[in-house]
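S.K.: Residue numbers for the sequence shown, in our numbering: 9 to 286.
Here a beta-carbon is modelled for each residue, glycine too, at the ideal position from N, C-alpha and C.
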Amino acid sequence: MKEFREARASEMTTMRCGGTIARLYEPDTKEQLAELLGLLDSFIVLGGGSNMIFGDEPLETPVIRLGKGFGGIERQEGVLAVGASVSTAALLGYCLRNALTGLEFLTGIPGTLGGALWMNAGTVDRGVMDTVLAVECLDREGTHTLARKEVPYRYRWGGFPEGMVITGARLDVHPSTPEEVRARVEAFAEKRRSQPRGHSAGSVFRNPPGSPAGYLIDQAGLKGFRIGGAKVSEVHANFIINDGDATSADVKALIQAVKARVKDQFGIELMEEVRIVD
Ligand SMILES: Cc1cc2nc3c(=O)[nH]c(=O)nc-3n(C[C@H](O)[C@H](O)[C@H](O)COP(=O)(O)OP(=O)(O)OC[C@H]3O[C@@H](n4cnc5c(N)ncnc54)[C@H](O)[C@@H]3O)c2cc1C
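Encoded structure:
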């Protein structure tokens, strides 16, 4: 198992801000992970860091990031068994090479399968949990295999309890042709071409019932509004962009300012989709 001291959060997150992480562990086997969980009082799991914002102050809570040992993709009797540290890009690449359909909606969503399952990442009408047959997890009590119906997932929420580490999943994919899979991937990629460029954590807020968060922020006149190096994207108001030198404090202050303005103007309490770790 690899262990890093004083790792930089800015190098492990797509928002590219935050201070140091005192201890970062990278287990490569379930045995190593189980042993680690037995030793730690508390911990934070990090996937690809595309939905997380770490504070500027040094983080003392240990962070676990699954290593390459959790990076396998295997076809087992028509089902795809995938390790939690597999990136969504690698997973889609595998599906493209093997002409498997069902996961194309993950096109352009960064991060790992573990993070995607935890967040139930996806599009407005489809999340990755919809494609799950079973999820493999590990906590202090041992390993668990959870069938999809045992997990109370919903929009942008995987439904897994705190303290559980997702180690992999069996996903429901179907044989297709390379041309069809490629065409679907291209169609999803096309929709994303209008997405903001730059360092971000994707959508900052969950969509409240009724109106998309981006629409409310736009209507509140906040496109382009900035605090320090963090600004509300002019392209999509639900994205906060790190212009290059944003601190985590800038991003968090901007999040609070946006929430306050939207609450003031529309009476709607926006809820963060991004996870803020202090
Ligand atoms: C440009 C951009 C576009 C995006 N577009 C979308 C989109 O269209 N749809 C969408 O849903 N999201 C989108 N996102 C957000 C993000 O990519 C997804 O939420 C992604 O699935 C997070 O995966 P990750 O591996 O980066 O997780 P992280 O950000 O590392 O972690 C996210 C959460 O999952 C937990 N976690 C991670 N791995 C594990 C594990 N193995 N076991 C237990 N818990 C774990 C973390 O503790 C954290 O709470 C976008 C982000 C960016 C930067």
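1. So residue 40 is in the alpha helix (DSSP H); what residue range does that whole segment cover?
2. Would you list the one or two residues that DSSP bridges to residue 33?
3. If we require 4 or more residues per run, which alpha helix (DSSP H) segments fall completely within the region 114 to 155?
4. Is residue 126 near ligand 1, in the sense that its beta carbon is under 7 Å from a heavy atom of that ligand?
5. Below 8 Å between beta carbons: does that hold for residue 101 and residue 197?
6. Should residue 61 and residue 25 be called a contact, given that it needs their Cβ atoms to be closer than 8 Å?
7. Which whole-angstrom value describes the C-beta separation of residue 95 and residue 56, a residue pair presumed to lie in contact below a C-beta threshold of 8 Å?
8. Whether or not the region 123 to 130 and the region 164 to 184 are in contact is what I'm after, with contact meaning three or more pairs of Cβ atoms, one per stretch, closer than 8 Å; do they touch?
9. For residue 79, which residues from the same chain have a beta carbon less than 6 Å from its beta carbon, with the 5 sequence-adjacent residues on both sides left out?
10. Going by DSSP in three states, residue 211 sits in which element: helix, strand or coil?
11. Apply the 10 Å Cβ neighbour rule to residue 239 and answer buried if 16 or more other Cβ atoms are within range, or exposed otherwise.
12. Determine the closest residue to residue 183 out of 111, 159, 72, with distance taken between C-alpha atoms.
13. Ordered along the chain, which non-local residues of its own chain (more than five positions away) have a Cβ less than 6 Å from that of residue 257?
14. With burial defined as no fewer than 16 other Cβ atoms inside 10 Å of the residue's Cβ, what is the status of residue 279: buried or exposed?
15. Give the DSSP bridge partners of residue 239, in chain order.
16. Measuring CA to CA, which of 49, 10, 50, 51 is closest to residue 34?
17. Quick one: residues in its chain with C-beta nearer than 8 Å to the C-beta of residue 81, no 5 flanking neighbours on either side, listed in chain order?
18. Less than 8 Å between the C-beta atoms of residue 30 and residue 121, yes or no?
19. Pop quiz: residue 298 and residue 32 are said to be a contact at Cβ under 8 Å. What is the actual Cβ separation, rounded to whole angstroms?
20. Given residue 242, which residues of its chain have a CB within under 7 Å of its CB, disregarding the five upstream and five downstream residues?
21. Just confirm the distance between the C-beta atoms of residue 86 and residue 37, as a whole number of angstroms; I'd bet it's less than 8 Å.
22. Compute the beta-carbon to beta-carbon distance between residue 244 and residue 229, rounded to the nearest angstrom, for a pair I have assumed lies under 8 Å.
23. Does any heavy atom of ligand 1 sit closer than 7 Å to the C-beta of residue 70?
24. Are the CB atoms of residue 208 and residue 249 nearer to each other than 8 Å?
25. Does DSSP put residue 99 in a helix, a strand or coil?
26. Kindly indicate which residue of 234, 124, 105 has the alpha-carbon position closest to the one of residue 135.
27. Using a threshold of 7 Å, is the CB atom of residue 52 nearer than that to any non-hydrogen atom of ligand 1?
M.R.: Concretely, from the data shown:
1. 38 to 47
2. 11, 72
3. 121 to 127
4. yes
5. no
6. yes
7. 6 Å
8. yes
9. 91, 93, 94
10. strand
11. buried
12. 111
13. 64
14. exposed
15. 234, 249
16. 10
17. 88, 89, 90, 91, 94, 98, 99, 102
18. no
19. Beyond the ends of the chain as shown, which are 9 and 286, falls residue 298; an answer cannot be given.
20. 231, 232
21. No, residue 86 and residue 37 are not in contact; Cβ-Cβ is about 27 Å, not under 8 Å.
22. That pair is no contact at about 15 Å.
23. no
24. yes
25. helix
26. 124
27. yes
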